[in-house]
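Residue numbers (the working numbering), protein chains in the order written: chain A, 1 to 327; chain B, 1 to 713; chain C, 1 to 265.
See the structure below:
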């Protein structure tokens, strides 16, 4: 690691001011991805601003839903009974995230902002547009089996690696975003950007903005939500492909459907075509199969990622069958 | 005599290991220790044009930046005889001696600083420019060259033949001819390699991660042109190695060089990423096996051709084609071994080097032959049972492979296997059963043991051996205690120091047969000396006190006799595996493995079982997970970490059943032991591959078997 | 992300200014003044990269030319796969990371800290570099080497310690951030009465070979039982999957934990 300074903050205004003074400063919370990036010299901040002192901790419940402070640890979210009951897709996605040790350290906000596992991004001695804009994308024709089949560009095909974001999208979750000047709300779905020709800009957050909380509204489809993660080994690995589904079925007919996939997109990837195929239909095996077929529309696979097409179809189909009570 | 040999006693070093008191190489703390960080090349071939260390030198705490421009010239004398663990031809990498670059990750500078953070940070500031030359980064069979005469002399010739295999294959009633491959694999022992070097005048002490401290001493003496007697190498605990700590790697020389440069002790600890380039690896190998057989299954021809990778600067060859010559009875066998020189670090032995991968190819081909013949795979093995070693033309010193087959197949329930592939299911899961034979040649080397009995009744046994995990400390303590008729608590077995008597390499499954027999010999000698004093009813301590003796010493060497002229020796095993494949997802899970082994006499069944379950886990990784993601454009391993280079985790391992067939191979050595470390890995990966075929009907011949190969199967 | 979603008054002036600069840069680029364009883009990007990206995106939506790369660097893709050590590899290998000059840019904030760590119920005063992880501080400064370094990236679990009772990877925690927390390492596990039951069970079930991952496995296992998640072998296997063991002692590790968990029931 190159030398950096360290400081703590206790208020959002404070944090923003600090960042303005030192533009190459970065926030650190759980540190589970940050330390990896520092150790491998993928990043070299001037100052680490420890935001653990901000009042963004804990889970609160209201009539409308649940609010998760952005500094809440993943293990605490998983263990929450309301989350398990009302948002099973989230509990499951977190259970399959990283390791118990990492889940005790990693925060909700930091998890959303984790960086890609693209092998060329993580090796600081090879070209990568995300790490050094203009350097070139080595993954296009490289070892890219863990890279994206959706949302890529000639400049970047790095996959968004996380699990939780996919779950949050099918739960219609929103983020509270704070800066020195106030608060705004965005959908989790709108947080991440596709790389285009600026792959180093990964979210719509302004530099001094901080995620303060995740808001989850109660809903019938949230209660019938499922997460399915496919990996090479049985645990402690990022997804080859994952499927998050939330489906409301009333009187045998799908009234609401949200479907997203992980491991396949340059950002958490919602699948609106699949959702449309489900709406106002019964969720039976035939519908699940047809809907799953739609999941790979528009995919742009490389030789190394071709296998993700059938894998995604099967994962979506299986997750839909789970939602339909057919598995 | 109290029976200690054969008892499942707990490890004598267990308390040290579970309390964090066992000290590994990087954990020694000589006074005033300084910390090093390596700067490594980012190109696969070329020359350093400029190396700018100004910024690094100005960092706080930095004591030195040593490059090929500032490092002392080292003589690198050729050893009288190269150790078997080293490449037999070519030149080892001479650290910081020239601007030439031969592979990505080659150390090109070392930073020494007061703290590890300062050294690591400064290493990022060294700016290097290169003259890039065209590298070789692809392994192609057509580029393969025969191994050199030096390797032929060392027993790994480019060509062997008995009978006329090609003719017999042409005439065979049933034929199988397959190509297969496995990935470049990395040892990835949990402990990263590390060396601490400390000079005292012209004397050097090295705290090193090593499977062979005596060899480190010889290697460093030659590199630095200094007497061996001025070097001491200490390595009491090794945090796993699997072959990666057999050789003396460049960073060991760098530690010594850097320590002399800054006049302080220096620690070099590799990062996990550097463990993919600063040490060796199992070379990717492309293989062809052709089998010819009669209709009744009798093998008439075996042709085995292997092409492996090596570096451009050293020739490393393996025994890949050996199992084809010895596993089954067959009159016509031809083998061919080729090497492709590439811009990479040099490969090195990794658990059951060569044999495990050769067995992989042979046993996958046998499975295909069984299918072509309509025979049960186990039945095909039994019909080709080798009653002698037909390559050496000698009888086996012992062979209980039939018992291995019987016990393992019985416990596994092999009879429940349906003949048809893809015919066994559990819900949506496809179930597959597969099996394979395992064989690993037995060997032993000379070892000297010094045994001392003190007047308080305690015994200290010493030799410069190693314990990277199989339990040398424990099993040798058992042998000593039983031989002396003492409780284990009275015996201290010490190892891992060149001040101790000479021991052979801790690899190739030879430790028990080599060190174990020497322990027995030394303890018998000691017992004889004690008995010569008089009666021992009150115990040895009383006897010694009555003679006013503080201590009695005995030293004995045990070495191979002429048994290898009379017998061939090998350990054997039979491995049966159940796999489950979800056809939609293509991922393979292994719920059950049964292995039965003939390893001769088992000194400690508890720790022997641990070694076998460890081998099975390694085999699961080899079959399903492990592969270096090699970028041919860059000439480098891209997934050089534990998150993307996958090894099995706890959740991948379910039900493992290990059985030892009773054995006592006294024709091979007095203790009757054979070897265990390598045989435990051999056979697992092909059994899994064969089970995957049985489950899915898809033959996957390129390992690892990942969802890519099976999704939608 | 559309600008319109923002509340008025937020991010006072900063984003509009970045947009303005980016638009000026674009104009300069169109007029062929690359130097000015580069300077303005760099300035704009420093203020707000997202706003610059938006401007570029809007521009490329109308312009029939390749999108401009930020930081004015020429867009350069890595050369395609070379069949066999082709000459284009040189282009790829000639690349250098931008690197750093090493000049401190710390804005007056401290890079070194005198801290107090509470480890195994003992206070340790120690001066640490901001870069020092808890793991390196334990091993190199406090000489508590029972906590092992396997990867330094949170990917193997060899450095597992308990932090306020919860298992964490000591390699992923900066030492300076461990202040005020209660850290328990393997050295603090055994009490006056002898080995912790988990340590004894690991010996009894031979739940290790080389012993290097063992302290991390044991700390993780102790936490697992306390979490009440050692209910079945399947659950133990899943919940211990953050601790790699290359010697492959997993089955014995599960047996040791099962025994301790049953005894504590």
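Beta carbons are placed, not taken as given, at the ideal position from N, Cα and C, and that holds for glycine.
- The straight-line gap separating the alpha-carbon atoms of residue 227 of chain B and residue 258 of chain B is approximately 19 Å.
- The CB of residue 610 of chain B comes closer than 7 Å to the CB of 206, 209, 249 and 252 in chain C, given here in chain order.
- For residue 310 of chain A and residue 294 of chain A, the gap between their C-alpha atoms comes out near 11 Å.
- Counting other Cβ atoms within 10 Å of its Cβ, residue 6 of chain A reaches 16 or more and is therefore classed as buried.
- Judged by DSSP secondary structure, residue 303 of chain B falls within the beta strand (DSSP E) whose first and last residues are 299-311.
- Residues of chain A whose Cβ lies closer than 7 Å to the Cβ of residue 274 of chain B do not exist, since the nearest Cβ in that chain is about 12 Å away.
- Using a CB distance cut-off of 8 Å, residue 440 of chain B does not count as an interface residue toward chain C.
- Close to residue 50 of chain A, with beta-carbon spacing below 9 Å, are these residues of chain C in chain order: 174, 176 and 177.
- Residue 199 of chain B: not part of any alpha helix (DSSP H); member of the beta strand (DSSP E) spanning 194-200, first to last residue.
- Using a CB distance below 8 Å, no part of the segment 6-19 of chain A faces chain B.
- Exclusion of the five residues before and after residue 22 of chain B leaves 13, 16 and 237 as the residues of its chain whose Cβ lies within less than 7 Å of its Cβ.
- For residue 153 of chain B, the enclosing alpha helix (DSSP H) stretches over residues 149-153.
- Going by beta carbons, residue 327 of chain B and residue 386 of chain B fall inside the 8 Å limit.
- For residue 135 of chain B, no beta strand (DSSP E) run applies, since DSSP gives it neither H nor E.
- Assignment of residue 415 of chain B by DSSP, reduced to helix, strand and coil, places it in the helix class.
- By the 16-neighbour rule on beta-carbons within 10 angstroms, residue 34 of chain A is buried.
- If you check the CB distance, residue 576 of chain B and residue 408 of chain B come in under 8 Å.
- At a cut-off of 8 Å between C-beta atoms, residue 239 of chain B counts as an interface residue with respect to chain C.
- In the assembly as shown, residue 133 of chain A is a buried residue. Its beta-carbon has 16 or more other beta-carbons within 10 Å.
- Only 117, 119, 120, 122, 123, 124 and 125 from the segment 105-125 of chain A bring a Cβ to less than 9 Å from some Cβ of chain B.
- Take the alpha-carbon of residue 133 of chain B and the one of residue 80 of chain A: they are about 58 Å apart.
- Residue burial annotation: residue 282 of chain B is buried, with at least 16 other C-beta atoms found within 10 angstroms of its C-beta.
- Taking C-alpha positions only, residue 708 of chain B is separated from residue 337 of chain B by approximately 30 Å.
- Cβ atoms of residue 85 of chain B and residue 246 of chain B come within 8 Å of each other, at about 4 Å.
- Chain-ordered, the chain B residues with CB closer than 7 Å to the CB of residue 199 of chain C read 18 and 19.
- One alpha carbon belongs to residue 560 of chain B, the other to residue 522 of chain B, and they sit about 15 Å apart.
- Around the beta-carbon of residue 129 of chain B, fewer than 16 other beta-carbon atoms lie within 10 Å, marking it exposed.
- By the criterion of at least three beta-carbon pairs nearer than 8 Å, the segment 158-178 of chain B is not in contact with the segment 70-89 of chain B.
- The beta carbon of residue 674 of chain B lies closer than 6 Å to those of 442, 571, 599, 600 and 665 in the same chain, with the five residues before and after it left out.
- For residue 224 of chain B, the uninterrupted alpha helix (DSSP H) run begins and ends at 213-224, by DSSP.
- Excluding its 5 nearest sequence neighbours in each direction, residue 112 of chain C has C-beta neighbours in its own chain below 8 Å: 127, 128, 129 and 130, listed in chain order.
- What residue 618 of chain B touches in chain C, judged by beta-carbon distance under 7 Å, is 248, going in chain order.
- Nearest C-alpha to residue 125 of chain B among B:166, B:164, B:75 and B:40: B:40.
- For residue 287 of chain B, the enclosing beta strand (DSSP E) stretches over residues 285-293.
- Relative to the Cα of residue 344 of chain B, the nearest Cα in the group B:412, B:398, B:284 and B:305 belongs to B:284.
- For residue 196 of chain C, the secondary structure class from DSSP, reduced to helix, strand or coil, is coil.
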